[in-house]
Amino acid sequence: MAKAIHMMIRVLDEERSRDFYARAFGLECADRYAFDGFTLVYLRNPENDFEIELTINHGRSEPYAHGDGYGHLAVCVDDLDGEHRRFTALGYGPNPIKEFARDGALMARFFFVQDPDGYKIEVLQRHGRYR
């Protein structure tokens, strides 16, 4: 059976991105590999072994276009309200918390935030299928 191990995003500024993911989600550098022309940085936390791979193409100065195919990365947390306050205090400008119901019952509580390169991240309250 296949196992999801990482997702890759291209970023302009390694330090800015590493700082955001460390402060926002507790993701730290697990490995860093510099090559001619690009660097790969793998971020993860003790919660699990799924990683975000940051690809930094050397010499790139223009922001990447996300196109209309990228949606978002999703993470779940125990205290959504507390995380929303923390993200606000960090100056990350999270969107307001929303609730999503199905068949009259709460399906999800969540908010979105964007990383320094504009990638959307959904932060969900642990509940139901979101564990």
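Residue numbering for the sequence shown is 1 to 131, as defined by the UniProt record's numbering. Here a beta-carbon is modelled for each residue, glycine too, at the ideal position from N, C-alpha and C.
Where do the N-terminal and C-terminal ends of the beta strand (DSSP E) with residue i fall, by residue?
i, result
"Tyr33", "Glu28 to Phe35"
"Leu73", "Leu73 to Val77"
"His6", "His6 to Arg10"
Based on Cα-Cα distance, which residue from the options lies nearest to residue i?
i, options, result
"Val75", "Asn45, Gly91 and Tyr33", "Asn45"
"Arg16", "Tyr130, Arg126, Gly118 and Gly128", "Gly118"
"Ile97", "Asp81, Gly69, Leu106 and Met107", "Asp81"
"Asp68", "Arg60, Glu47 and Lys120", "Lys120"
"Asp19", "Ala34, Ser61, Tyr70 and Gly91", "Gly91"
"Gly71", "Gln114, Ala4 and His127", "Gln114"
Per DSSP, residue i forms a beta bridge with which residues?
i, result
"Arg16", "BP columns for Arg16 are empty, so no partner."
"Ala108", "Phe100"
"Asn57", "Phe38"
"Tyr130", "His127"
"Glu62", "Glu62 is not bridged to any residue."
What are the boundary residues of the alpha helix (DSSP H) that residue i is part of?
i, result
"Ala89", "Leu80 to Ala89"
Verify whether the separation of the beta carbon atoms of residue i and residue j is less than 9 angstroms.
i, j, result
"Phe110", "Phe100", "yes"
"residue 180", "Gln125", "Because the chain in this structure spans residues 1 to 131, residue 180 falls outside the shown range and cannot be described."
"Tyr42", "His6", "yes"
"Gly59", "Gly26", "no"
"Ala30", "Glu51", "yes"
"Ala22", "Glu28", "yes"
| message | Can you confirm whether the region 51 to 65 touches the region 9 to 17 when touching is taken to mean that 3 or more C-beta pairs between the two stretches lie within less than 8 angstroms? | response | yes
| request: Check whether the region 60 to 76 touches the region 84 to 92, taking contact to mean three or more Cβ pairs, one atom from each stretch, closer than 8 angstroms. | output: no
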